[in-house]
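Participant: Numbering follows the working numbering, with no gaps: position 391 of the sequence shown is 449.
Cβ coordinates follow ideal geometry from the N, Cα and C atoms, glycine included.
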Amino acid sequence: MNLLNKLGLIIICTTLSCCAAFTPKNTVNKISSTALCQTEFVAIFVNFPTARANHCQINSRASFNLVIDPENKPINDSAWYGFKIVPYHSGVVNINLNYSHSKHRYPPKISYDGTTWDLLDKSNIKVISKNEIRLSIPVEKQKIFIAAQEIFSVSKHNSWINKIENNPSITKSIIGKSVQDRPIYKLETGYKLETGANQNKQYIFIVGRQHPPEVTGAMALAPFVETILSEGELALKFRTKYNLVIIPNMNPDGVIHGHWRHNMDGVDLNRDWGPFTQPETRTIENELQRFKDGDDELVLFLDFHSTWRNLFYTQTDKEPTSPANFARDWLKAADDRLGADVYKFTREQSPNSGKPTSKNYMYSTYGIPAITYEVGDNTDRKELSQAAKIFAQEMMKNLIEWDPSHD
Ligand SMILES: [Zn+2]
C-alpha cells in the first residue's frame with residue numbers, strides 16, 4: 059500500500075469512528091475527520107487547547123447532546139467545558155450540555171475568534187435541570203467558540219511570561235516539567251542587576267493555575283505582578299527591598315486538556331504540597347530548597363485561584379506569622395480603598411486543617427503569611443484587574459513599612 063492509500067485509509071477510519079453516533083438520515087455532505095460530531099448543518103469540534111466535551115449524540119441536524127465528563131472521579135464541582143461550532147448553513151443550533159458528575163456551574167461564554175469573549179445572553183440558555191442546560195445559538199457561516207470561561211490557555215500564559223521577561227529586572231527560566239513534559243516557567247527578579255542587589259532581599263513567592271478552570275485567578279495574577287514590576291515610585295522602592303518569584307502556571311497539562319481540577323496523573327496539585335508526589339509539585343519543592351537551606355528568605359506566599367466569590371484564605375489571627383498580622387492589615391487597607399461597590403471580598407481565617415495545600419505547607423514550613431487569593435468565577439473582569447493593582451500596591455506599602463524588630 060502506498061503512502062497516499064495509507065493516509066486515505068487512516069482518514070476514512072478516523073471519520074467513521076467520529077461519526078459513530080450518526081443516524082442514517084443525517085446525511086453528511088461535509089466530512090471533517092476531526093469533528094466530535096456533525097451533520098450537514100453543523101460540526102462540533104474539541105480539537106483545540108482547553109476544549110472539553112466527551113461525547114456527542116445527534117438528535118437532529120441542528121440538535122445535539124454533549125456529555126461533559128470530568129477527567130477523574132471523585133472531583134470538585136468545577137464542570138469545565140469548551141467546544142467549537144462550525145456551521146455550514148445559517149440558522150439556530152441547539153446544544154444540550156449534560157453533566158455526568160456535576161452540576162452546571164459556569165455561565166457559557168461565546169467568542170468568534172477565540173480571543174474576545176462575551177457572556178452568552180441568558181435568552182439563549184434554558185436550564186433543564188441542575189445537570190443539564192440547553193443552549194440555542196444562532197449561527198451564520200462563522201465559527202463560534204463556547205466555553206465555561208474565557209479560554210486562557212498555555213500559549214496565553216507563555217506570551218504573558220515572554221512579555222514580562224522583557225522587564226530588565228526579570229529572569230525567566232524553566233524549573234521543571236509537567237507529567238506530559240511541558241515546561242513549568244519561573245519569573246524571578248534580581249539576577250540581572252549588575253550589583254547583585256538580590257542579596258539580602260527577602261522574597262515574595264507567587265504561584266498560579268494549580269486548578270485549570272480557575273481562569274479569573276490567572277486574570278488577577280497578571281495585573282498584580284505587573285503592578286509590582288512597574289516603574290512607579292512605590293514599586294521601585296519595593297524592589298530595592300524585596301524580590302519576586304512567580305510561577306504563573308503550575309498545571310499546563312491540565313489547562314491544555316480542559317481538566318476540571320487535576321494534573322495528568324489524576325492528582326489535585328493543591329493536595330500534594332508536602333507529599334510532593336507529582337512532577338509539577340516536585341518542581342516547587344526543588345525551587346523552595348534554597349529557602350529551606352537558608353540561602354534566601356521568604357516573607358510572603360500567594361497562591362491565585364478562583365471560586366464562587368472573591369475571598370482570601372489566610373491564617374487565623376491566633377496563628378502567628380512573620381510579618382505579624384500581615385493578612386489582617388493588608389486586606390483592611392485594600393478594603394478601605396476598594397469599598398464593597400468596587401470589589402467586594404472577605405477574609406476567611408482558615409486554620410491549618412492538616413490538608414497538604416500550598417497555604418498550609420508554606421505556613422507550617424516557613425511561618426510566613428501564606429494566602430490563597432480567590433477570585434469569584436463571575437467577578438467583573440475589569441474590576442478584578444483594578445482590584446489586583448490595589449492589592450499589589452497595599453501589599454508593597456505594608457512590606458516597605460514592615461519592621462521585623464516590632465513583630
Ligand atoms: Zn483552586
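Which word fits H320, buried or exposed, when buried means at least 16 other C-beta atoms lie within 10 angstroms of its C-beta?
Facilitator: buried
Participant: What residues are listed by DSSP as bridge partners for T423?
Facilitator: The partner list for T423 (beta bridge, DSSP) is empty, contrary to what the question assumes.
Participant: Taking 6 Å as the cut-off, is the beta-carbon of D272 closer than that to any non-hydrogen atom of ligand 1?
Facilitator: Just to set this straight, residue 272 is Glu in the shown sequence, not Asp. Yes, the beta carbon of E272 sits closer than 6 Å to at least one heavy atom of ligand 1.
Participant: Does DSSP classify P82 as helix, strand or coil?
Facilitator: For P82, the predicted structure reports a pLDDT of 38, less than 50, and the residue's modelled location is therefore unreliable. A value from the coordinates is still provided. In this structure, P82 counts as coil in the three-state DSSP scheme.
Participant: Residue range of the beta strand (DSSP E) that E406 falls in?
Facilitator: 404-407
Participant: Please report the residue range of the beta strand (DSSP E) in which H363 lies.
Facilitator: 356-365
Participant: Would you check whether ligand 1 has a heavy atom nearer than 6 Å to the C-beta of H320?
Facilitator: no
Participant: If you measure between the beta carbons of N309 and Q336, is that distance less than 7 Å?
Facilitator: no
Participant: Taking the DSSP output, what are the residues bridged to K188?
Facilitator: DSSP, once it has assigned bridges, lists no residue as partnering K188.
Participant: Can you grab the Cα-Cα spacing for the pair G324 / E129, in whole Å?
Facilitator: 7 Å
Participant: Tell me the rounded alpha-carbon separation between S236 and P306.
Facilitator: 14 Å
Participant: How big is the Cα-Cα spacing for I219 and A137?
Facilitator: 27 Å
Participant: At a threshold of 6 Å, does T437 count as lining ligand 3 (C-beta to nearest heavy atom)?
Facilitator: This structure simply doesn't include ligand 3; it includes ligand 1 instead.
Participant: Which of the three DSSP states is assigned to I204 in this structure?
Facilitator: strand
Participant: Taking one C-beta from the segment 228-247 and one from the segment 168-178 each time, how about it: are there three or more such pairs within less than 8 Å?
Facilitator: no
Participant: The alpha helix (DSSP H) spanning N220 covers which residue range?
Facilitator: 212-223
Participant: Taking the alpha helix (DSSP H) that T285 belongs to, which residues open and close that run?
Facilitator: 273-286
Participant: For ligand 1, any of its heavy atoms closer than 6 Å to the Cβ of H215?
Facilitator: no
Participant: Less than 7 Å between the C-beta atoms of Q238 and D179, yes or no?
Facilitator: no
Participant: Please report the straight-line C-alpha distance between S181 and P196, rounded to a whole angstrom.
Facilitator: 11 Å
Participant: Indicate the three-state DSSP secondary structure (helix, strand or coil) for S181 in the structure shown.
Facilitator: helix
Participant: Taking 6 Å as the line, does the beta carbon of D464 fall inside it for any heavy atom of ligand 1?
Facilitator: Note that residue 464 is His in the sequence shown, not Asp. No, ligand 1 has no heavy atom inside 6 Å of this Cβ.
Participant: Got a sec? Which residues, its chain only, sit under 6 Å from P427 by beta carbon, not counting five neighbours each side?
Facilitator: L358, T379, F384, A385
Participant: Tell me, please, which residues DSSP counts as bridged to R319.
Facilitator: BP columns for R319 are empty, so no partner.
Participant: Consider the C-beta atom of H269 and the heavy atoms of ligand 1; say whether any pair is separated by less than 6 Å.
Facilitator: yes
Participant: List the endpoints of the continuous beta strand (DSSP E) containing Q373.
Facilitator: Counting along the chain, Q373 sits inside no beta strand (DSSP E), nor does DSSP assign it H or E at all.
Participant: Out of L356, F141, H317, point me to the one whose CA is closest to P381's CA.
Facilitator: L356
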